[in-house]
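Peer 1: Going letter by letter, the sequence shown gives residues 269 to 810 in the working numbering.
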Amino acid sequence: MPERSTPEWALDAGPDDRAAGGSGRDNRSGDSDGEDGRGRAHRPRPWWTDELDGPGSVAYGEPSPPLTPMGGTPAPTSAPADREAHRPVQQGRRDEASQASRQGGSEPANEPAAGRSGPAEPTARSGQAGRAGQAESAGAASGTQPEPRATSTAREPQGSSWLGWLPERLRPAPGDLRVLAWWALTRVGILLVAMTGPWLFHGTGKIPGFWDSWKQWDFWHFDRIATFGYFAPGWSTPIEAFFPGFPMVLRLGALVGIPTVVGGVVVSFVAGGVAAVALARLADREWGPGAGRYAAAMWMLAPPAIFLAAPYTEALFLALAIPAWLSARRGTWWLAGVLAAGACSVRVSGIFLVVALAVEFLTSGRRKQWLSGLWLALPAVPVLGYMAFLQANTGDWLRWYHAQSQGWYRGFTPPWDAYFNTWNAAIGHTAFGDVSDALRANFEWMFRAELVAMLLGLVVTVVLLTLRRWGEATWVGVQVAAFATSYWFFSVPRSTLLWFPLWIGLGALAVRRPWVWRAYAILAVPLFGIWAAAYLTGRWSG
Numbered sequence: 269m270p271e272r273s274t275p276e277w278a279l280d281a282g283p284d285d286r287a288a289g290g291s292g293r294d295n296r297s298g299d300s301d302g303e304d305g306r307g308r309a310h311r312p313r314p315w316w317t318d319e320l321d322g323p324g325s326v327a328y329g330e331p332s333p334p335l336t337p338m339g340g341t342p343a344p345t346s347a348p349a350d351r352e353a354h355r356p357v358q359q360g361r362r363d364e365a366s367q368a369s370r371q372g373g374s375e376p377a378n379e380p381a382a383g384r385s386g387p388a389e390p391t392a393r394s395g396q397a398g399r400a401g402q403a404e405s406a407g408a409a410s411g412t413q414p415e416p417r418a419t420s421t422a423r424e425p426q427g428s429s430w431l432g433w434l435p436e437r438l439r440p441a442p443g444d445l446r447v448l449a450w451w452a453l454t455r456v457g458i459l460l461v462a463m464t465g466p467w468l469f470h471g472t473g474k475i476p477g478f479w480d481s482w483k484q485w486d487f488w489h490f491d492r493i494a495t496f497g498y499f500a501p502g503w504s505t506p507i508e509a510f511f512p513g514f515p516m517v518l519r520l521g522a523l524v525g526i527p528t529v530v531g532g533v534v535v536s537f538v539a540g541g542v543a544a545v546a547l548a549r550l551a552d553r554e555w556g557p558g559a560g561r562y563a564a565a566m567w568m569l570a571p572p573a574i575f576l577a578a579p580y581t582e583a584l585f586l587a588l589a590i591p592a593w594l595s596a597r598r599g600t601w602w603l604a605g606v607l608a609a610g611a612c613s614v615r616v617s618g619i620f621l622v623v624a625l626a627v628e629f630l631t632s633g634r635r636k637q638w639l640s641g642l643w644l645a646l647p648a649v650p651v652l653g654y655m656a657f658l659q660a661n662t663g664d665w666l667r668w669y670h671a672q673s674q675g676w677y678r679g680f681t682p683p684w685d686a687y688f689n690t691w692n693a694a695i696g697h698t699a700f701g702d703v704s705d706a707l708r709a710n711f712e713w714m715f716r717a718e719l720v721a722m723l724l725g726l727v728v729t730v731v732l733l734t735l736r737r738w739g740e741a742t743w744v745g746v747q748v749a750a751f752a753t754s755y756w757f758f759s760v761p762r763s764t765l766l767w768f769p770l771w772i773g774l775g776a777l778a779v780r781r782p783w784v785w786r787a788y789a790i791l792a793v794p795l796f797g798i799w800a801a802a803y804l805t806g807r808w809s810g
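(1) Go ahead and pull the three-state DSSP assignment for GLY465.
(2) Leaving out the 5 sequence neighbours to the left and right, which residues in its chain are closer than 6 Å to LEU588 when beta-carbon positions are compared?
(3) Please state the DSSP three-state secondary structure of ASP218.
(4) What separation, rounded to the nearest whole angstrom, lies between the Cα atoms of ALA565 and PRO794?
(5) By Cβ distance, which residues of its chain are closer than 7 Å to VAL683, with the 5 residues on each side in sequence left out?
(6) To the nearest angstrom, how far is the alpha carbon of GLY810 from that of PRO761?
(7) Go ahead and label PRO506 buried or exposed: buried means 16 or more other beta carbons lie within 10 angstroms of its beta carbon, across all protein chains shown.
(8) Could you tell me the boundaries of the alpha helix (DSSP H) in which LEU723 lies?
(9) Can you give the beta carbon distance from TRP451 to MET568, rounded, assuming they're within the 8 Å contact cut?
(10) Going by CA-CA distance only, name the one from ALA543, LEU445, PRO571, MET722 that's closest to ILE790.
(11) For GLN484, which of helix, strand or coil comes out of DSSP?
(12) How would you write the range of the alpha helix (DSSP H) that ASP685 sits in, first residue to last?
(13) Looking only at its own chain, which residues have a Cβ that is under 7 Å from the Cβ of THR742, when we skip the five neighbours before and after it?
(14) Using the Cα positions of TRP482 and ALA604, report the straight-line distance between them to the nearest angstrom.
(15) Answer yes or no: do GLY725 and ALA551 have a C-beta to C-beta separation smaller than 7 Å?
(16) Using DSSP with H/G/I as helix, E/B as strand and the rest coil, what is LEU646?
(17) How long is the line joining the alpha carbons of TRP668 and TRP783, rounded to whole angstroms?
(18) Please state the DSSP three-state secondary structure of ALA608.
(19) Would the region 482-496 and the region 509-526 be scored as touching if the rule is three or more Cβ pairs under 8 Å?
(20) The alpha helix (DSSP H) spanning VAL529 covers which residue range?
(21) Please report how far the alpha carbon of ILE475 lies from the alpha carbon of THR464, in whole angstroms.
(22) If you follow the alpha helix (DSSP H) that VAL627 is in, where does it begin and where does it stop?
(23) Cutting at 6 Å between CB atoms, please list the residues of its own chain near ALA577, excluding the five before and the five after it.
(24) Roughly how many angstroms separate the alpha carbons of ARG737 and GLN484, rounded to a whole number?
(25) Looking only at C-alpha atoms, which of ARG455, ARG553, PRO466, LEU732 sits nearest to VAL534?
(26) By DSSP, does TRP676 sit in helix, in strand, or in coil?
(27) Please return the same chain residues whose Cβ sits closer than 8 Å to the Cβ of ALA792, not counting the five positions on each side in sequence.
(28) Between GLY641 and PHE629, which are expected to be in contact by the criterion C-beta below 8 Å, what is the C-beta distance as a whole number of angstroms?
(29) Under the three-state reduction of DSSP, which class applies to HIS697: helix, strand or coil?
(30) Pick out whichever of ARG716, TRP601, VAL720, VAL746 has its Cα sitting closest to the Cα of SER633.
(31) Do ILE590 and ALA543 count as a contact pair if the criterion is CB distance below 7 Å?
(32) With the cut-off set at 7 Å, would you say GLU718 and PHE757 are in Cβ contact?
(33) Of the choices VAL524, GLY473, TRP767, whose alpha-carbon is the least far from that of VAL728?
(34) Verify whether the separation of the beta carbon atoms of GLY521 and GLY531 is less than 7 Å.
(35) From this set, ALA441, TYR677, LEU733, which residue's C-alpha is nearest PRO557's C-alpha?
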């Protein structure tokens with residue numbers, strides 16, 4: 269099971285403790301005042317801080333501590349090499365090193381600091397320092413000169429050598445590759461459900477083929493748009509509710525002979541991997557090493573995560589939305605605007621993303637750089653372009669919204685009415701037309717899940733507001749408000765996949781309390797399988 273990323277004594281130490289050297293276990297550092305920056309580098313950064321980091325965080329190129337298989341990190345045992353040049357060195361040790369180097373006939377490139385924690389005797393430090401400090405002390409006591417280390421402040425390359433041609437920020441680090449490995453492993457699990465579910469849970473009639481199992485519900489609308497466009501005759505559902513980004517990708521695949529269902533599953537697989545890496549990087553940036561691995565794993569195993577594998581829009585949207593938020597946190601607003609524009613072409617949720625990014629910009633330390641904020645106007649281009657297309661064909665600029673109201677009951681409804689409508693559907697007091705008892709029970713169960721998901725969304729929004737995370741609170745809160753003002757709560761469990769602050773918060777909590785991860789896995793994995801089997805066998809799954 270995962271380990272803690274930070275020892276408890278470090279988590280409990282306050283600012284006064286750090287300034288004074290901390291608790292008894294902190295006494296291994298003899299120059300605590302000078303090492304304050306180093307101490308912060310090894311402690312998880314609180315995710316509620318509003319300060320924008322520079323690009324030199326653990327998630328962006330600096331070496332991070334070794335990770336356990338599911339994201340826990342052992343306590344740090346040594347300081348980064350690029351801080352050695354600023355450490356005090358005992359004069360006696362410096363003279364001995366110089367004499368030894370002259371006897372050897374060569375001058376070392378950079379003399380390492382005499383002590384990892386300050387000017388203390390090696391024999392006194394050997395019982396307190398970590399493994400690296402013990403090795404250096406033993407070498408000094410035996411008269412052996414340790415290997416010199418370069419003190420250059422240049423960041424070490426993090427990506428694989430065979431991907432060295434990529435820009436540094438696009439080059440996958442070892443932690444990214446582990447996240448992708450977990451992503452691939454969870455896809456294998458879904459593959460097993462897709463191969464066995466129809467055989468075990470199929471109703472009447474012939475058992476569908478493998479690819480036919482993925483052709484459920486909204487896929488048929490995406491397939492229709494990709495194949496015939498929006499306004500070809502013979503389709504009664506108002507498909508103008510769906511934004512054109514995802515169907516356009518399916519159309520490109522169809523032009524080269526890839527069936528739309530195959531193209532949709534492949535796009536979800538690739539885009540989901542991108543989103544998983546971005547989520548892990550964002551969580552590590554906000555909370556520290558280890559949080560990203562937990563956040564990504566919990567997101568992959570979320571009960572409705574079948575929609576990250578199905579030919580739906582969730583994976584592609586998140587592959588644009590999470591990197592957009594990550595770019596905003598780094599202060600790269602032009603890239604955030606470009607990615608948000610792509611997200612707006614995929615789902616209407618992209619409009620909510622732009623609103624949240626605007627709040628993030630206005631509440632950040634970069635709001636004075638107002639020219640950077642102008643990039644957030646770029647997402648208006650695809651939205652207005654689609655609205656102009658609809659107006660030219662239907663005479664209605666807001667046809668996408670009216671189509672949602674017509675086909676999916678998305679018209680404005682007071683929140684209390686929306687709640688009671690959902691409640692009645694969940695307890696069997698709503699007639700769903702001429703459907704079987706089994707399908708009616710399926711609907712009732714899913715509407716109960718809608719209620720739970722709405723409660724979760726309200727809690728997440730309140731917590732984010734309490735922690736003064738204004739941008740993230742806007743991102744989740746606006747979606748919750750939109751669901752709460754529809755005829756009934758609809759597709760809310762699916763939308764929890766978009767609430768990346770939820771998964772970052774769970775990942776951060778699991779770093780401090782590993783039992784959270786264990787409890788989550790025990791509860792979520794069975795629901796994960798149930799949701800996947802429901803979708804792949806044609807049941808309504810939100």
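Positions of the beta carbon are idealized from the N, C-alpha and C atoms, including for glycine.
Peer 2: According to the structure data:
(1) Helix, per DSSP.
(2) LEU607, GLY610, ALA611
(3) This structure cannot speak to residue 218, because the chain is shown only from 269 to 810.
(4) Cα-Cα distance, rounded: 15 Å.
(5) It should be pointed out that residue 683 corresponds to Pro in this sequence rather than to Val. ALA752, THR753.
(6) C-alpha separation (whole angstroms): 7 Å.
(7) buried
(8) 705-734
(9) About 6 Å separates the Cβ atoms of TRP451 and MET568, confirming a contact at the 8 Å cut-off.
(10) The closest CA to that of ILE790, considering only ALA543, LEU445, PRO571, MET722, is found on PRO571.
(11) coil
(12) 683-694
(13) For THR742, where only same-chain residues beyond five positions count, the Cβ hits under 7 Å are VAL623, ALA624, VAL627.
(14) 32 Å
(15) no
(16) LEU646 sits in coil when the DSSP states are folded into three classes, being neither helix nor strand.
(17) 45 Å
(18) helix
(19) yes
(20) Counting along the chain, the unbroken alpha helix (DSSP H) around VAL529 starts and ends at 528-555.
(21) 11 Å
(22) Looking at the DSSP string, the run of the alpha helix (DSSP H) that includes VAL627 is 617-630.
(23) ILE458, SER536
(24) 37 Å
(25) ARG455
(26) helix
(27) MET566, LEU569, ALA570, PRO571
(28) 5 Å
(29) HIS697 sits in coil when the DSSP states are folded into three classes, being neither helix nor strand.
(30) It should be noted that the sequence gives Gly, not Ser, for residue 633. Per the Cα distances, TRP601.
(31) yes
(32) yes
(33) TRP767
(34) yes
(35) ALA441
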